[in-house]
């Protein structure tokens, strides 16, 4: 966009425009006594081991060169026209400063203020993102426009904005997902190319074992919805390893790179990510060994129980070895349709769930479990013991895994023997 065009917008629509300054250090703007310029924070692909783009960030300073937070800059606007002008000014600086450096490709992530995004373009669409429409070198296919999750709405202007960006070839990133009241409907309705998980995911993933277990499932669900996943705010090695564990695609944060005036070369392999891969492979190996040590005795015992049942040994006697193990909760038998055959069999010294809030759900004589992974996987792998991921048992209300094996009894009827194992919060 030409400087004259931006100045004309300022003169026509805002009480205070900006003086744009081009220098050897890049493009800056004088706006209401502040100096505005750009910084860029790299966004890395864990699989590619390098930066695949940058987010443009506003940097501001007062007359004494004291830094001014972006929020304070936005607070200087008076009315929507002034806000829209400042919003465009920031993107103008980011686009021009980014293009001044040869990053050898890569995406440029740009923010649009939620109110501007909601209202959408006027009849003259080229006036909505003039910094893109009028820049001779920018390829809209390299632009990722970030929209705050809270800005997603049914407003007609919002829909026009999305349609306009798609027509230009821009990608859309749903920003700050997980901050406040998140809603997966916003992913399904917007269909963003990228979902940016709020930094709270990075923090909780290392502080809360439940959050650590859930994060891979959330990422998987977003992947199935058709979006890539970016975790922002990664500041420690533990948080970075949680991103590895969860199959997250992209990462952003101080642990990998601080924002800087000059973008990084997107061809260069990141030594930080290379080191993380080595660390991840080591910790994954240690975790796998601990998992095998913990679950191994239950797998071995379940196989032996099935052999005894095949020979006609009664259920309570056949499952004795499994139920003697420390974390064993119960055993139960299913027919070829997943219907439970008989009652749960528990260790002799077990008090059972009779005194718990789940007492009413502990009676399973007519239950049907064919939807459960422990049934489906066992039937698909006859004779091979299967183990589920940890889940909350509907019968006992405790976190468990289920060990299961399908076999044919003395009458050649298919049966699935299952055993629940209390699972520790951290494995």
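Numbering (our numbering), first residue to last: 3 to 429.
Using N, Cα and C, we set each Cβ at its ideal position, and we do this for glycine too.
In angstroms, rounded to a whole number, what distance separates the CA positions of residue i and residue j?
i: residue 46; j: residue 316; result: 58 Å
i: residue 17; j: residue 177; result: Unreliable positioning characterises residue 17 in this predicted model, as indicated by a pLDDT of 43, which lies under 50. A coordinate reading is not provided.
i: residue 39; j: residue 267; result: 20 Å
i: residue 283; j: residue 218; result: 17 Å
i: residue 279; j: residue 307; result: 40 Å
i: residue 175; j: residue 264; result: 23 Å
i: residue 310; j: residue 215; result: 35 Å
i: residue 292; j: residue 419; result: 25 Å
i: residue 131; j: residue 90; result: 7 Å
i: residue 395; j: residue 116; result: 42 Å
i: residue 195; j: residue 380; result: 36 Å
i: residue 349; j: residue 242; result: 42 Å
i: residue 227; j: residue 144; result: 22 Å
i: residue 20; j: residue 54; result: 32 Å
i: residue 201; j: residue 164; result: 25 Å
i: residue 56; j: residue 112; result: 9 Å
i: residue 253; j: residue 296; result: 32 Å
i: residue 251; j: residue 331; result: 38 Å
i: residue 109; j: residue 192; result: 20 Å
i: residue 269; j: residue 49; result: 14 Å
i: residue 369; j: residue 336; result: 9 Å
i: residue 98; j: residue 29; result: 7 Å
i: residue 342; j: residue 275; result: 49 Å
i: residue 421; j: residue 303; result: 10 Å
i: residue 31; j: residue 246; result: 40 Å
i: residue 147; j: residue 114; result: 7 Å
i: residue 10; j: residue 273; result: Any answer about residue 10 is weak, because its pLDDT of 43 lies below 50 and its placement is not dependable; what the coordinates show is given next. Roughly 46 Å between the two C-alpha positions.
i: residue 221; j: residue 231; result: 7 Å
i: residue 414; j: residue 375; result: 23 Å
i: residue 237; j: residue 244; result: 12 Å
i: residue 305; j: residue 213; result: 32 Å
i: residue 14; j: residue 88; result: With a pLDDT of 39 at residue 14, under the threshold of 50, the predicted position of this residue should be treated as unreliable, and no value is reported.
i: residue 386; j: residue 406; result: 8 Å
i: residue 433; j: residue 401; result: For the chain, the structure presents residues 3 to 429; residue 433 sits outside this window and is missing.
i: residue 224; j: residue 399; result: 27 Å
i: residue 12; j: residue 86; result: Low local confidence applies: a pLDDT of 40 at residue 12 is under 50, so the model's placement there is unreliable, and no value is given.
i: residue 205; j: residue 312; result: 49 Å
i: residue 6; j: residue 211; result: Here residue 6 scores only 39 on pLDDT, less than 50, and its place in the model is too uncertain to base an answer on.
Please list the terminal residues of the continuous beta strand (DSSP E) segment that includes residue i.
i: residue 386; result: Taken as a continuous stretch (DSSP letters only), residue 386 belongs to no beta strand (DSSP E), as it is neither H nor E.
i: residue 32; result: 28 to 33
i: residue 416; result: 416 to 424
i: residue 75; result: Per DSSP, residue 75 belongs to no beta strand (DSSP E); it is in the alpha helix (DSSP H), 72 to 76.
i: residue 50; result: Run containing residue 50: none; DSSP gives neither H nor E here.
i: residue 22; result: 20 to 25
Name the DSSP beta bridge partners of residue i, please?
i: residue 330; result: 423
i: residue 187; result: In DSSP, residue 187 forms no bridge with anything.
i: residue 39; result: 61
i: residue 342; result: 336
i: residue 445; result: Beyond the ends of the chain as shown, which are 3 and 429, falls residue 445; an answer cannot be given.
i: residue 55; result: 45, 109
i: residue 394; result: 401
i: residue 370; result: 341
i: residue 179; result: 199
i: residue 299; result: According to DSSP, residue 299 bridges with nothing at all.
i: residue 69; result: 63
Using 8 Å for Cβ pairs, my map puts residue i next to residue j. What's the rounded Cβ distance?
i: residue 69; j: residue 63; result: 6 Å
i: residue 141; j: residue 101; result: Contact flag wrong, Cβ pair sits at about 10 Å.
i: residue 170; j: residue 134; result: 7 Å
i: residue 255; j: residue 235; result: 5 Å
i: residue 262; j: residue 103; result: Not confirmed; about 11 Å, so no contact.
i: residue 424; j: residue 294; result: Contact doesn't hold; Cβ gap of about 18 Å is too wide.
i: residue 154; j: residue 188; result: 4 Å
i: residue 65; j: residue 35; result: 6 Å
i: residue 290; j: residue 43; result: That belief does not hold up - the Cβ atoms of residue 290 and residue 43 are roughly 34 Å apart, past 8 Å.
Starting from residue i, trace the alpha helix (DSSP H) both ways and give me its first and last residue.
i: residue 208; result: 201 to 209
i: residue 401; result: Per DSSP, residue 401 belongs to no alpha helix (DSSP H); it is in the beta strand (DSSP E), 401 to 410.
i: residue 320; result: 317 to 320
Examine chain C for any beta-carbon lying closer than 9 Å to the beta-carbon of residue i, and answer yes or no.
i: residue 212; result: Looking for chain C here will not work: only one protein chain is present.
Which runs of the beta strand (DSSP E) spanning at least 3 residues fall entirely within the region 226 to 297, listed in chain order? DSSP runs (the beta strand (DSSP E)) wholly in the region 226 to 297: 230 to 234, 252 to 254.
Which residue spans inside the region 100 to 175 form an unbroken alpha helix (DSSP H) run of at least 4? Within the region 100 to 175, the complete alpha helix (DSSP H) runs of at least 4 residues are 116 to 121, 132 to 135, 158 to 170.
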